[in-house]
Amino acid sequence: MRKCMRWAITAALLVLGASNGLWAAEPYPTKTIEEIKVEVQSRADRNLYPLYGLDAAVVRETLARIHSTDPDEWGREWMRAGDVYFARAKAEEAAKPAAAREDYLAAYHYYAFGRWPVPTSAKKREAYTKALAAFASYAERAEPRIEIVRVPFEGSEVVGYLVKPRTAVKAPVLMSISGVDYWKEDLTLANLPLVRQGVAVLALDMPGTGQAPVKVARGSERMYSAMLDELQKRSDVDGSRVVVAGASWGSYWSARVAYRDQARLKGAVVHSAPVHNYFQRSWIEPSMYDKGYMFDYVPSRLYILGKATVEEALEYLPTLSLVTEGLVKQPAPPMLLLGGVKDPQTPYSDLVLLLESGSTPKEAWVSPAGGHMGRTREMDDKDIFEQVSFPWILRQLGVQK
């Protein structure tokens, strides 16, 4: 029965129009558009991920114009909301520079939600292009300024955002890696509290997302090694004091960087990361039937993997196991592991497996009632970052609060 269901899903996933020249995945299984609207509005009302920075009233107005799960309709309507703020920002540039800065940021938030979780259609890709432009306009006016860093890499480039604290001293660095749907622009904003405490933040996309030059594959962490090289060359930051951190799938890459560049890191934050059990068919296939993800769980996973069907993804995923590759037994810098026991997206057993493997010193923060990222209704991502991750990062970098 399960095999038949899998074939049915695979057949349903073949719809033309994905980015990167691939076939797109229909949102299957997914919530209805009415269920999606309820969830989105609820998060906007409480300023929860991924609706940070969106006005609840504007969200309500935009949702009223969306009548289906068609990705182009989604991208188009959120762009309409973003265009209002972007046009207002352009008009304010000369006379009201501070207001222009905030409106460019607001425009970014709406455009970025228009491509959420991943840009699998023409309008979603257009929304992402506009999101990058709005964020760049915000970045050059931000306080402190957000520098766009571009490092040549294998005929392409690695692009990141670097924010430095206002200090004459060379600041240590947090290298922060995005997840499947929470990209480097969002990470830049989320990590600003660390900048205010004397840490430079370099935010980067994970492979297969955003502006990353490589797809999800063993060895793709070499793009972060190129950025570590760049940090060590710079005179305005301390490239000898670096912690790498990831969120969700981004933590898979922070773990891989930790094993690859152990001697160049002061620590690694691994937050609800896939390690081994996640990649097995016995876990990932049933998880695709779960409706806990806001919407488009299957399309988002196919997108980052560069695969056309669920079956291709299921065949490919086991090759990414950190256990099968033997990495978990290798030397690494100190690690902080975070997660929730009731995580429906990444098995808690992966956190335990990593905690108990190798000889690397590790600390763990576990929420017994927590879902993905350890979230509960009382404790969102921002709370976990600021109360748990950030203090540990400061200690590893030798920064006094």
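Quick note: the sequence shown uses our numbering, first residue 199, plus one each step. Note that beta-carbon positions come from the ideal geometry of N, C-alpha and C, so glycine has one too. As the structure is a computational prediction, the values presented were derived from the model and not from experiment.
Tell me which same chain residues have a C-beta within less than 7 Å of the C-beta of residue i, skipping the five on either side of it?
i: F583; result: A388
i: D281; result: none
i: D167; result: The question about residue 167 has no answer, for the chain in this structure spans 199 to 599.
i: L220; result: With a pLDDT of 32 at L220, under the threshold of 50, the modelled position of that residue is not reliable, and no figure is offered here.
i: K527; result: S555, G556
i: R364; result: P342
i: R299; result: Y336, R339, A340
Kindly give me the distance between the Cβ atoms of residue i and residue j, rounded to whole angstroms, as I take these residues to be in contact under 8 Å.
i: V441; j: L595; result: 6 Å
i: V393; j: P317; result: That pair is no contact at about 28 Å.
i: D270; j: A320; result: 6 Å
i: L400; j: M421; result: The pair is not a contact, with the Cβ atoms about 12 Å apart (cut-off 8 Å).
i: R416; j: L518; result: 7 Å
i: D494; j: P315; result: 5 Å
i: V361; j: A398; result: 7 Å
i: M358; j: K382; result: Inspection of the sequence shows that residue 358 is occupied by Gly rather than by Met. Correct: roughly 6 Å between the Cβ atoms.
Return no unless some Cβ of chain D is closer than 8 Å to the Cβ of residue i.
i: R286; result: Here chain D cannot be found, since the structure has a single protein chain.
Give me whichever residues DSSP pairs with residue i in a beta bridge.
i: R348; result: V357
i: A443; result: S374, V467
i: G538; result: S565
i: K560; result: M533
i: P435; result: Looking at the sequence shown, residue 435 is not Pro but Val. DSSP output for V435 lists A369 as bridge partner(s).
i: V399; result: V361, L372
Return the chain-ordered list of same chain residues with a C-beta closer than 6 Å to the C-beta of residue i, the five sequence neighbours on each side being excluded.
i: I375; result: L402, M404, G444, G448, W451, S452
i: G251; result: H307
i: Q430; result: G437
i: R479; result: L512
i: A530; result: A456, Y457, Q460, T558
i: A297; result: E290
i: W563; result: L536, V586
i: L549; result: L535, G537
i: G377; result: A445, S446, W447, G448
i: V414; result: P405, G406, I502, L503
Applying the criterion that 16 or more other CB atoms from any shown protein chain within 10 Å of the CB defines a buried residue, is residue i buried or exposed?
i: T260; result: buried
i: I346; result: exposed
i: D459; result: buried
i: V367; result: exposed
i: V236; result: exposed
i: A456; result: buried
i: T407; result: buried
i: T386; result: buried
i: Y476; result: buried
i: Y487; result: exposed
i: V489; result: This sequence places Lys at residue 489; Val is not what is there. Label assigned to K489: exposed.
i: S446; result: buried
i: P484; result: exposed
i: A287; result: buried
i: R244; result: exposed
i: L212; result: Any reading at L212 is ruled out, since the residue's pLDDT is 32, under 50, leaving its predicted position unreliable.
i: D427; result: exposed
i: H469; result: buried
i: R263; result: exposed
Using C-beta distances below 8 Å, list every residue in its chain close to residue i, excluding the 5 sequence neighbours before and after it, in chain order.
i: Q239; result: A254, V257, R258, L261
i: L551; result: V473, H474, N475, V521, V526
i: R439; result: P370, V371, K464, L595, G596
i: D581; result: none
query = Are the segment 565-579 and the segment 541-551 in contact at 8 Å, needing three or more beta carbon pairs?
reply = Contact holds: three or more Cβ-Cβ distances are below 8 Å.
ask   = Does the segment 351-363 come close enough to the segment 310-324 to have 3 or more Cβ pairs within less than 8 Å?
value = The segment 351-363 vs the segment 310-324: no contact.
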